[in-house]
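Just below is one structure, and these are the notes that go with it.
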Amino acid sequence: MQSASEQSEAAEPPAASARPAPAEHAYPDHWEADVVLRDGGTARIRPITADDADRLVSFYEQVSDESKYYRFFAPYPRLSAKDVHRFTHHDFVDRVGLAATVGGEFIATVRYDRINAHGMPASAPADEAEVAFLVQDAHQGRGVASALLEHIAAVARERDIRRFAAEVLPANTKMIKVFTDAGYTQKRSFEDGSVRLHLDLEPTDRSLAVQRAREQRAEARSVQRLLTPGSVAVVGAGRAPGGVGRTVLRNLLGAGFTGRVYAVNAALTEETELDGVPAHPSVGAIGEPVDLAVVAVPAERVPEAVADCGEHGVRGLVVLSAGYAESGAAGRERQRELVRQARSYGMRIIGPNAFGIINTADDVRLNASLAPQMPAAGRIGLFTQSGAIGIALLAGLHRRGAGLSSFISAGNRADVSGNDFLQHWYDDPGTDVVLLYLESIGNPRKFTRLARRTAAVKPVVVVKGARHSGSAPPGHRVPVTRIPHATVSALLRQAGVIRVDTVTELVDAGLLLAAQPLPAGPRVAILGNSESLGLLTYDACLTEGLRPLRPIDLTTAAVPRDFRDALAAALADETSDAVVVTAIPWVGEDGATEFGDGEVLAAALREAVASAPSPTKPVVVVHVEMGGLAEALAVATSTRPTAPGRAAAPRENRSGGAPAGAVGAQAGAGGADPTTVPPPTAAPAQQATIPAYPAAERAVRALAEAVRYGQWRRQAAEPGRVPEYEDIDEAGAAALIEGALDAGGVDARGVTLDTEEAGALLARYGIAVLPTLPAPTPDAAVAAAARLGYPVALKTTAPHLRHRPDLGGVRLDLATEEQLRTAYAELTEVLGKPEELQPVVQAMVPRGVDTVVRSAIDPAVGAVLSFGLSGAASELLGDTAHRLVPATDRDAAELIRSLRTAPLLFGWRGSAPVDTPALEELLLRVSRLVDDHPEVVAVSLEPVVVAPRGLSVLGATVRLAPPPPRTDLGPRSLPRY
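The opening position of the sequence shown corresponds to residue 167 in the numbering used here, with each subsequent residue numbered one higher.
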């Protein structure tokens, strides 16, 4: 696909070329990026420089004649010296070339040349460029050209180029598809035997959707390659029993891995066997393809092992070795070099300092970890950043009968992170519930986006460690965030994430969600043979916001058949949405207390569930000293449907452990298009666990999380909308912002608008701020009151008194000049001189509830809209709600109602309900302002007095600054190292 500029250059003798030599510009290292390709491998994208001449020639020699013909529209067997010079010398403004590299060698190139309206070489202000690609045949079909197009388009936008033009031969259908599938606005014509394409480079909703769909496919595939290798080499397997490498080798073999296993030990002088598998001195000596390498050698020897793996085609690494970022500055640099080295070979890394990975699928059975036992097969995906927590979770889930689809303990997660596994589990048909133990979130904005999409089809449960330490754990590279943990939790819940506080709660919630259907509502039936335990359960339901029915007391004389009949009746009763069964040892016919008949009760509960005509309610059991009940319930009948096309996972009884049951679940069917949400399925019930809990509070807390998640799922099916307001003047606001920033200089900290400027900007978005007039003297206060009209308020605005009515700096309902002068004298006598107090006069507004509306941009999560009631009590309790911007009408309504103090807005204790529709509109207008203008980095409206009819904004602060970069809107790339 030859550009017109190249044609013009080729048509002229070298001496006649009128184009000036490119000016020298600094190398743009921020254009460098690592990307995940369609097949899950990685490549490095970087600018082409004059030092790349030999690489370019070598690359071109490996391109087929057909691909060369498509590129230059004519036979072009080799590049001339002039070609090489032209393709390696760029000014990084009007002429730019990028290369995709693997192992340091080119696998594809792209370049653009700025052109004028006549298609000739030009400089700015010309805003169009011709673009041309060349991909090595061996790497075609991997999505390299699509990734290069995203990056060259971002470079062009940075250089004020707004359109790309490309000329492609009609037979070059692959390249035409790269352009047409990109999602940009485009025009297409047929001229002189070639297809002429024009692309508008402004991102569109479709181009962003295409980019994210490609990102999902690529990152999910990269994880799949790690979890489903055809062969595994353990690098560092010692000759003597014991040691990390030998332990992993033994665990691989003990799990029954279905692929080939090799041991690698550099100390071996000849090929031999370890634990019955071939052992070699290096990966290269194996002589056969290796998909996954588990690296368990000292940190100083890891680079040699990585090079050995990369040079012989290994696709991914699990690095168990420690001594990296968790050990200090030298370790952090060692970790950066590890990631750079692995990515240069197109490999992804789990670790370093990892515990390992497990895949229980029957056709894989991979245990490349330090876990001595292979977990039972099931439908829970588990990700942890801690090996110790991973061990505890594996043991807890196994003990309670829950199986796993896959398990990952990522250690320092220098490369592969929880985000990558969310991409994989989103449409993995073998996973119905996702459990995550996180100590840091490397990309909160992306995590929230991926979690929201995944939660729409399957539950995502998160427990976060290191919440109050104020810093990330050693070894974790994360962006700085200024927002508190409570705000992050609120935003995760907005995304549908089930947020729990402890590892125990993680297991409790995961067990219920994997084994039972989602409740249709908050109504809970309680039945059992202990009135006291029933009342404890009832109280726990009220505490968690559920609606319990009166407990049904079967009395201590109840026997298993009584439980069966009562549970069957509760499941058939349409007045409840879930059932909690409470059980204590019962009294036998001879008066003896029966402690050991848990299996009998489990059988009775199983029979009741099986007899339900349409099992759609979750059932949980609270038991006290019921021997064998929890174990027996682990294989009781589930009321949850299984995914279509997948048989129940096999059960397995392991020595020393409880029976492990397969877990059926409602799963999203994996589709070819990741932009389409997989629909929920309905299929016949299958055998699975009924979760049992030793305390009512634990059972009810897990059930409440399921209720809230089910409600979120139902609401997510009908998302709200971002309303349009005809009176918004977006262009006028942009002009005010530009003028204020220009006047304030280029200080990165930005500029805080004065009262008049803030009011003018907010007015452009239909937000009226009540005027305030300065009152430096009593006479000035009287003049201001005369201008505004009585009654008025007199307020101090000194920073230490602002928004602190408890300190006495506000006087209200001043109806006369005399009252105003008296109040002025009192303020200055008690609190200080007028120049210290900075008093102002403001007209009175109708009485109502004082509230606070704020928005701020955090570099890690983006723009956040916050709402709370004004006053010390709300601040002390932290009773503030948060939503991500842009907020929908549903978000605004939920924001108001999610406060603990929300009843004050809705007529608490006989007071008049306030105008919540007006408050919702105000929230939406602030959200629009911040979303439309990222330069508005902070807004504070305080107080906002919400009356029974209407509201009044009494104070406003607006801060402007150059907007922080939006990494989520740029081209796909892995975190930089």
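Every residue, glycine too, gets a C-beta built ideally from N, C-alpha and C.
Straight-line spacing of the CA atoms in VAL262 and VAL223 works out to 18 Å. Judged by their CB atoms, TYR226 and ASN338 are not nearer to each other than the 8 Å cut-off. Counting along the chain, TYR592 sits inside the alpha helix (DSSP H) bounded by residues 584 to 592.
With contacts defined by Cβ atoms closer than 8 Å, GLY517 and GLY476 do not form a contacting pair. Bridge pairing for TYR891: absent [DSSP]. Within the segment 1029 to 1116, the runs of alpha helix (DSSP H) that reach at least 4 residues and sit entirely inside it are, in chain order, 1038 to 1043, 1055 to 1063 and 1082 to 1098. Distance from the CA atom of ARG953 to the CA atom of THR988, rounded to whole angstroms, is 19 Å. 8 Å or more divides the Cβ of LEU720 from the Cβ of ILE856. THR413 counts as buried, since at least 16 other C-beta atoms from the protein chains shown sit within 10 angstroms of its C-beta.
In the DSSP assignment, VAL414 falls within the alpha helix (DSSP H) that extends over 410 to 420. Inter-segment contact for the segment 535 to 551 and the segment 670 to 682 is present: three or more beta-carbon pairs are separated by less than 8 Å. Per DSSP, ALA735 is one residue of the alpha helix (DSSP H) stretching across 726 to 738. THR550 is bridged by DSSP to SER575 and TYR603. The C-beta of GLY955 has fewer than 16 other C-beta atoms within 10 Å across all chains shown, which makes the residue exposed. In chain order, ALA1113 place their CB closer than 7 Å to the CB of ARG1013, counting only its own chain and leaving out the 5 sequence neighbours on each side.
Spanning the alpha carbons of ILE664 and ALA656 requires a straight line of approximately 10 Å. Between the segment 263 to 275 and the segment 232 to 246 there are fewer than three inter-stretch CB-CB distances shorter than 8 Å, so the stretches are not counted as touching. Taking the Cα positions, VAL389 is about 7 Å away from ASP586.
Nearest to HIS305 by alpha-carbon distance, out of GLY207, ALA295 and TYR891, is GLY207. Taking the CA atoms as reference points, LEU415 sits about 18 Å from VAL468.
Around the C-beta of LYS612, 16 or more other C-beta atoms lie within 10 Å, and the residue is accordingly described as buried. In the DSSP annotation of this structure, the continuous segment of the beta strand (DSSP E) that includes HIS446 starts and ends at 443 to 446. Ranked by Cα distance from ASP1081, the options LEU1117, ARG426, TRP1074 and ARG1094 are led by LEU1117. Membership of SER355 in the beta strand (DSSP E) is indicated by the continuous run 351 to 357.
Distance from the Cα of ALA768 is smallest, within the candidate group VAL747, THR782 and ALA778, for VAL747.
Sequence-distant Cβ neighbours of GLN501 in its own chain, meaning closer than 6 Å and more than five residues away, are TYR490, ALA491 and ALA580.
Excluding sequence positions up to five before and after ASP441, its CB lies within less than 7 Å of the CB of LEU415, ARG416 and LEU419, all in the same chain and listed in chain order. In the structure shown, ASP719 falls within a strand segment according to DSSP collapsed to helix, strand and coil. Taken through DSSP and simplified to helix, strand or coil, GLN302 comes out as coil. At least 8 Å separates the beta-carbon of VAL310 from that of ASP347.
Setting aside the 5 residues that flank it on each side, GLY450 is surrounded in the same chain by ASP474, GLU477 and HIS478, each with a C-beta closer than 8 Å to its C-beta; the list follows chain order. When C-alpha distances from VAL654 are compared across LEU928, THR670 and LYS630, the shortest belongs to LYS630. For HIS364, the enclosing beta strand (DSSP E) starts and ends at 360 to 366. In this structure, DSSP gives SER777 a helical state, which the three-state scheme calls helix. LEU486 sits close to VAL461, with the two beta carbons spaced by under 8 Å.
Inter-segment contact for the segment 397 to 413 and the segment 363 to 375 is absent: fewer than three beta-carbon pairs are separated by less than 8 Å.
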